[in-house]
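Comments concern the structure below.
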Amino acid sequence: MSKLILIDDDPMYHKISQLMLREYSVVKDVVSSTDAKATIDFLEENKENPEQLPDYIFVDLNMPGYNGWDFLNDYRKIYDSLKKAIRVYIVSSSIAPHDIKKSKTYSFVNSFIIKPLTREFLHELMA
1 MSKLILIDDD PMYHKISQLM LREYSVVKDV VSSTDAKATI DFLEENKENP EQLPDYIFVD
61 LNMPGYNGWD FLNDYRKIYD SLKKAIRVYI VSSSIAPHDI KKSKTYSFVN SFIIKPLTRE
121 FLHELMA
């Protein structure tokens with residue numbers, strides 16, 4: 001089983017997502033974060049320690065202050081130094097074509113998922 005960090009500013013979304021992730025046994029460990037910068041700091045501090053790093057990161061784009069784009073820009077800087085391959089997914093309520101297009105400029109982003117998480121996506125993730 002794997003670990004996932006869920007970065008989103010909405011506490012209710014955290015609860016719903018955790019229930020779904022556990023119900024479908026997608027991951028063993030879900031860490032909720034409302035602070036994307038703290039998550040970058042954690043990844044940077046643990047970049048040499050693969051057992052501490054998550055297998056997946058789900059990041060929202062639209063958050064106050066340090067947002068998902070800021071996270072992706074800083075993640076890009078540390079990506080090559082991480083001792084573990086982490087699958088990064090943007091999970092956002094944005095349906096703006098420019099957001100989807102911009103997400104494709106980040107080579108490490110696996111997919112742009114429009115909220116809410118679906119059973120189909122979680123089944124694909126498990127495959």
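Using the UniProt record's numbering, read the sequence shown as starting at 1 and increasing by one per residue.
Note that the Cβ used here is the ideal one computed from N, Cα and C, for glycine as well.
Predicted, not measured: the structure shown is a model, and the values here were computed from it.
Which residues share a DSSP beta bridge with residue i?
i: Val-88; result: Ile-57, Val-109
i: Ile-5; result: Val-31, Ile-57
i: Ile-100; result: None, per the DSSP bridge assignment.
Using alpha carbons as the reference points, say which of the options lies closest to residue i.
i: Lys-77; options: Glu-44, Ser-17, Ile-16, Glu-48; result: Glu-44
i: Ser-92; options: His-98, Leu-82, Lys-115; result: Lys-115
i: Leu-53; options: Ser-32, Lys-84, Ser-25; result: Lys-84
i: Asp-8; options: Thr-34, Glu-120, Ala-96; result: Thr-34
i: Val-31; options: Leu-125, Asp-80, Phe-58; result: Phe-58
My output table needs one value for residue i: the three-state DSSP class, helix, strand or coil.
i: Ser-93; result: coil
Cβ atoms of residue j and residue i: under 8 Å apart, would you say?
i: Gly-68; j: Ile-90; result: yes
i: Ser-94; j: Asn-46; result: no
i: Lys-3; j: Lys-37; result: no
Indicate whether at least one CB of chain C lies closer than 8 Å to the CB of residue i.
i: Pro-11; result: The question asks about chain C, but that chain is absent: this structure has only one protein chain.
Check: Can at least three beta-carbon pairs, one atom from the region 61–72 and one from the region 92–112, be found at a separation below 8 Å?
Finding: Counting C-beta pairs with one atom in each stretch, the region 61–72 and the region 92–112 have three or more that are closer than 8 Å, which means they touch.
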